[in-house]
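Structure record follows, encoded as structure tokens.
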Amino acid sequence: MSEKKYIKQTKPFIVPTTDGKLIEEHFGHASTRTDAFSVAHMVAPPHWSEPHQTPDFDEITIVTRGRKLIEINGEEVEVKAGETILIKAGTRIRYANPYDEETEYWSVCIPAFDINSVNREDS
Numbered sequence: 001m002s003e004k005k006y007i008k009q010t011k012p013f014i015v016p017t018t019d020g021k022l023i024e025e026h027f028g029h030a031s032t033r034t035d036a037f038s039v040a041h042m043v044a045p046p047h048w049s050e051p052h053q054t055p056d057f058d059e060i061t062i063v064t065r066g067r068k069l070i071e072i073n074g075e076e077v078e079v080k081a082g083e084t085i086l087i088k089a090g091t092r093i094r095y096a097n098p099y100d101e102e103t104e105y106w107s108v109c110i111p112a113f114d115i116n117s118v119n120r121e122d123s
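Residue numbers (the UniProt record's numbering): 1 to 123.
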């Protein structure tokens, strides 16, 4: 019998967080041991933010609800529901939801998100 040519994800890995953000990794290091890419669904609570970081991977963000503020090399860019953004590896960024409503989005990282290659700065 041949190997299946697909993976159906029914139980994404819930990444433990301490900041109220929901992270469900559907494909990636933690969920499927995938190195080439990762796909995660996220919900950021109101007034949430992360420290600055300079990832070693490209990241595509697809906002499905609310809006997200991203500081990209010092420039603030707002991404609203229905919009997408690609941020190239090696770019200094800071993700935030400074608004009063939740932000729901999907993130695709190439290669896969790795905590050791996100290069977060001390907060």
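Where is the CB? At the ideal position from N, CA and C, for every residue including glycine. Being a predicted model, the structure only gives us computed values, none of them experimental.
Whether residue i touches residue j by CB criterion (9 angstroms)
i           : j    : result
V118        : Q53  : yes
residue 129 : I110 : Because the chain is modelled from 1 through 123, residue 129 falls outside the range shown and cannot be assessed.
A112        : F13  : no
E101        : M42  : no
N97         : A44  : yes
E76         : L69  : yes
T84         : N73  : no
As assigned by DSSP and simplified to three states, the class of residue i
i           : result
T61         : strand
H52         : coil
residue 156 : What the structure shows of the chain is the stretch from 1 to 123, and residue 156 is not part of that stretch, so it cannot be assessed.
T32         : helix
I115        : helix
R92         : coil
T84         : strand
I14         : strand
Strand pairing of residue i, partner residues [DSSP]
i   : result
H41 : E24 and W106
V79 : K68
N97 : W48
Cut-off 7 angstroms between Cβ atoms - residues of its own chain near residue i, not counting five sequence neighbours on either side
i   : result
V15 : I23, E25 and A30
Contacting residues, own chain, Cβ-Cβ under 8 angstroms from residue i (five flanking each side not counted)
i  : result
Q9 : H26, F27, S31 and T32
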